[in-house]
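Protein chains in written order, with our numbering: chain A, 1 to 456; chain B, 1001 to 1184. C-beta atoms are modelled at their ideal positions from N, C-alpha and C, and glycine is treated no differently.
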Amino acid sequence: MEANNEHINNLFKQKFEDFAPQPPEHVWANIASALDKGTAPVWYHTLAAKIIALLVGVIVLWGGYWLLTNKPQPVKKQTPVTAYQNSSKGKTTIDRKVDSNIGATTTIDNASKKSHAKPEHNKNNNGVDKTSVAPAMTASLSGRHLKNPPASNTREETSKIHDSQIALNGQQDDDLAKADMNQSEAMSGIDKIESKAVALNNDVTPLHLKPVTRNSNTHESTAKKQTGRWALGLYFSPEFIFDPFDSLTIQNSYALKVEPTYYINSHWFIRPGVGVSYARDKGFVKANYLSWDYLGSYEDVINVTFDTVGNTVTPVYHTQTRDVYDSILHVTISEETNRYLYLQTSMVFGYHNHVSKFGWSVYAGPQVNFILAEKRDNPVKENSSTVYLKYNLAQRKSPQYGLKLGVGMDYAVAKRWLITVEPEYNYFFNGINGGDMYSKPLSGIGLRFGLIYTIK
Amino acid sequence: MQFDKSLIEPLKQNNRKAQEAFYRFFAPKMFGVCLRFSADSEEAEDIMQEGFIRVFRYIKDYRGDGSFEGWVRRTMVNTAINHYKRRIKRSFTKPIEHAGSAAGFNANIVEQMSANELLEIISSLPVGYRTVFNLNIIEGYTHKEIGELLGISENTSKSQLSRARASLQKKLEMIKKKENLGGQ
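As structure tokens, then:
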């Protein structure tokens, strides 16, 4: 029996070894069509995703590097210059306060030679001990004349400092008189003061130049600080897509995005964004399926033979039990809900302006959305796992390419904090659903609510 | 005739002309494979279409060792198995015909029949029997491998094959009787 089975097996193998019927020509046409749809977008999608990831990465790295390399200057070095800058008439003059500073500085210089100065003289108005600073500055500045006058001081002002200093030299206290400073030393001291003024004046930051405006106008301060700076925004937005298909109702979707904004200058900005969104589709869908349900059986006559008993010919029916399965194509229309979780990426370029604490902006740029997860209702009946299922449902595709255009209105609630509302229009080039009938462009609107923090 | 392996590289680069040449070369043979796993020609076309798309998609993974035709054929068989997996499971729970003995299998009838005639008989088998028969008898898979592929036990695979044989035997005997009747 085994040998017979083996023989039969070999016979079947041989019969089918060279069995090569020609398939219909339309099979290749279908394959080519499927390849056109499937392969072309792959590199395109991958490339687009890579470009966006690269841009976001470069901007984040750039911003990080900028933040690390642009630390604010220590305020204590600027303190002596405050006296110069606080001139009531916009000119640089030396008042009694300055005298004490100069005196103190001079005393330190002399003290380094003759140890006359008392320790308390070495404190400036802010109590900063200058004994550690002055010798180093003296060492670096001594014997060198002023080459670059202060940017904000005119030559005339510089001459005033000279004249005042010379005049003050004649009124030095007894300690200074005892120091028997000669003219060259005095000039050297003046040079040091002037050089300090130059160095410190160059270090002056907007903190000193615009102390009033910053405190009185939060938004203006924030806007000015935005130049070449970063802001980080957290946005929440309900979105609604306009869908022309009756069979599908797209529910509102909700997105949460984090968008760092880089201000190229005081008005123009670039804003990469990444976030997640939750979307739902609800509607009536049609499904065609085969259930192959078992319906029953019947006895099939497969042969008839005739037996002769005596002179009577009797037909003998040979039957076989045939099981019947449901092979009818079923059509079902049911309501279902599909749920999707998206990764949203965007890169917009925009313009921002402000009036007092209020600001407005316009922006536009590309966006690409990727489906991270999806949950689709099964439109066919329960226990139909064995069916040959062929159904035409609107299924969202990934990625989705689009453009966004938005306007924003913001309000400065604190020195670094803004709240914003941004109506937004989204346009998807090939729709958001797969399949030819759904691949038409779609529009959507959204209303974004954002909280923005100005980093520096 | 052997397939020109120099076409594999263009295939990996999704060259459409190479894909068409590849298809023209393998399509008849693979269509024969698909027909054996199918109940009708339409389903065979579906399986072959899906199988070739899988081949073009995964050809990057072909490392060049082993028979190229064997790799293509395995891909096609796996596609057929995936296509019918659910239906196979259902059919196993409801044997269509009672298992019988394969002892009297008449080899002469098989020898006299053409591949198309045998295909007609195989296609009429329930999907479960047909799949196990194809995998074991024609493709040479062991029962253990079939069990792993279809998610059934080794014994179930043996049982299905036995029933497939019995069913084929009945059908062949029927044909023989018809021929005898025709000859009378």
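Residue i at chain A interface by Cβ criterion, 8 Å
i         : result
Ile1053/B : yes
Gln1049/B : yes
Lys1158/B : no
Lys1177/B : yes
Arg1130/B : no
Pro1028/B : yes
Ile1121/B : no
Val1077/B : no
Arg1163/B : no
Glu1192/B : The structure shown does not extend to residue 1192/B, since chain B is modelled only from 1001 to 1184, so the question has no answer here.
Integer-rounded CB distance, given that residue j should sit under 8 Å from residue i
i         : j        : result
Met1210/B : Val27/A  : Past the edges of chain B, shown from 1001 to 1184, lies residue 1210/B, and the structure says nothing about it.
Lys326/A  : Asp293/A : The amino acid occupying residue 326/A in the given sequence is Asp; Lys does not appear at that position. Their Cβ separation, rounded to whole angstroms, is 4 Å, which keeps Asp326/A and Asp293/A in contact under 8 Å.
Tyr411/A  : Lys375/A : The Cβ separation is near 39 Å, so there is no contact.
Val1110/B : Leu11/A  : 5 Å
Trp230/A  : Ile452/A : The Cβ separation is near 11 Å, so there is no contact.
Leu55/A   : Pro366/A : Contact doesn't hold; Cβ gap of about 10 Å is too wide.
Thr305/A  : Val316/A : 5 Å
Any chain B beta carbon closer than 8 Å to residue i
i        : result
Gln22/A  : yes
His7/A   : yes
Lys415/A : no
Ala373/A : no
Val316/A : no
Ala34/A  : yes
Val27/A  : yes
Leu11/A  : yes
Glu15/A  : Contrary to the premise, residue 15/A reads as Lys rather than Glu in this sequence. Lys15/A counts as touching chain B.
Phe429/A : no
Asn30/A  : yes
Euclidean distance between Cα positions of residue i and residue j
i         : j         : result
Asn5/A    : Thr1079/B : 28 Å
Ser195/A  : Tyr401/A  : With a pLDDT of only 49 at Ser195/A, under the threshold of 50, the placement of this residue in the model should not be trusted; the figure read from the coordinates follows. Straight-line Cα distance between these residues: approximately 60 Å.
Tyr425/A  : Asn265/A  : 25 Å
Asn1014/B : Gln1002/B : 21 Å
Val1033/B : Phe429/A  : 42 Å
Ser1167/B : Lys1060/B : 42 Å
Asp323/A  : Glu17/A   : 32 Å
Thr308/A  : Thr314/A  : 6 Å
Asn433/A  : Ile445/A  : 17 Å
Gly1151/B : Tyr1141/B : 14 Å
Phe269/A  : Tyr263/A  : 4 Å
Leu209/A  : Asn338/A  : Its pLDDT being 32, under 50, Leu209/A is placed unreliably in this model, and the value from its coordinates should be taken loosely. Taking the straight line from one Cα to the other gives about 59 Å.
Lys1171/B : Leu1118/B : 10 Å
Phe1068/B : Gly431/A  : 41 Å
Lys1012/B : Ala1027/B : 18 Å
Leu1149/B : Leu1135/B : 10 Å
Ser1124/B : Asn1155/B : 23 Å
Arg416/A  : His354/A  : 14 Å
Glu25/A   : Gly1066/B : 30 Å
Ala255/A  : Lys1158/B : 55 Å
Phe240/A  : Glu1050/B : 37 Å
Pick from the options that is closest to residue i, judged by C-alpha positions
i         : options                                       : result
Thr1131/B : Lys1085/B, Gly1032/B, Glu1179/B and Arg1024/B : Lys1085/B
Leu343/A  : Val258/A, Thr305/A, Phe269/A and Asp293/A     : Val258/A
Ser253/A  : Tyr263/A, Gly275/A, Gly233/A and Trp268/A     : Gly275/A
Pro260/A  : Gly233/A, Gly408/A, Tyr278/A and Asn433/A     : Gly233/A
Phe349/A  : Val355/A, Ala373/A, Lys404/A and Ile328/A     : Lys404/A
Arg1063/B : Ala1164/B, Glu1045/B, Ile1008/B and Gly1128/B : Ile1008/B
His352/A  : Glu335/A, Gly408/A and Glu336/A               : Gly408/A
Val1072/B : Arg1054/B, Asn1082/B, His1083/B and Ile1081/B : Arg1054/B
Arg1057/B : Gly1070/B, Pro1010/B and Ile1081/B            : Pro1010/B
Glu1139/B : Glu1042/B, Arg1074/B and Glu1043/B            : Arg1074/B
Phe296/A  : Thr321/A, Gln22/A and Trp360/A                : What sits at residue 296/A in the sequence shown is Gly, not Phe. Gly296/A has its Cα closest to that of Thr321/A, out of Thr321/A, Gln22/A and Trp360/A.
Ser33/A   : Arg1036/B, Glu1020/B and Phe1025/B            : Glu1020/B
Phe1052/B : Met1030/B, Gly1066/B and Ser1067/B            : Met1030/B
Ala1164/B : Ser1153/B, Gly1128/B and Lys1177/B            : Gly1128/B
Trp360/A  : Lys282/A, Val421/A, Glu25/A and Phe240/A      : Val421/A
Arg396/A  : Phe370/A, Ala414/A, Ile419/A and Leu418/A     : Phe370/A
Leu418/A  : Gly450/A, Ala20/A, Ala255/A and Thr312/A      : Gly450/A
Asp36/A   : Asn1106/B, Lys1017/B and Ser1153/B            : Lys1017/B
Val362/A  : His267/A, Ile31/A, Glu239/A and Tyr278/A      : His267/A
Ser237/A  : Thr345/A, Asn303/A, Pro423/A and Ala414/A     : Pro423/A
Pro1126/B : Ala1039/B, Ser1006/B and Phe1022/B            : Ala1039/B
Any non-hydrogen atom of the ligand ATP within 7 Å of residue i CB
i         : result
Val1077/B : Judged by which ligands are present, the structure shown has none, so any question about the ligand ATP falls away.
**OP:** Please specify which runs of the beta strand (DSSP E), each continuous and at least 3 residues long, are wholly inside the stretch 298 to 358 of chain A, giving them in chain order.
**Re:** 312 to 325 and 330 to 355
Original post:
Which whole runs of the alpha helix (DSSP H) in the stretch 1101 to 1144 of chain B are 4 residues long or more, in chain order?
Top reply: 1107 to 1112, 1115 to 1123 and 1127 to 1133
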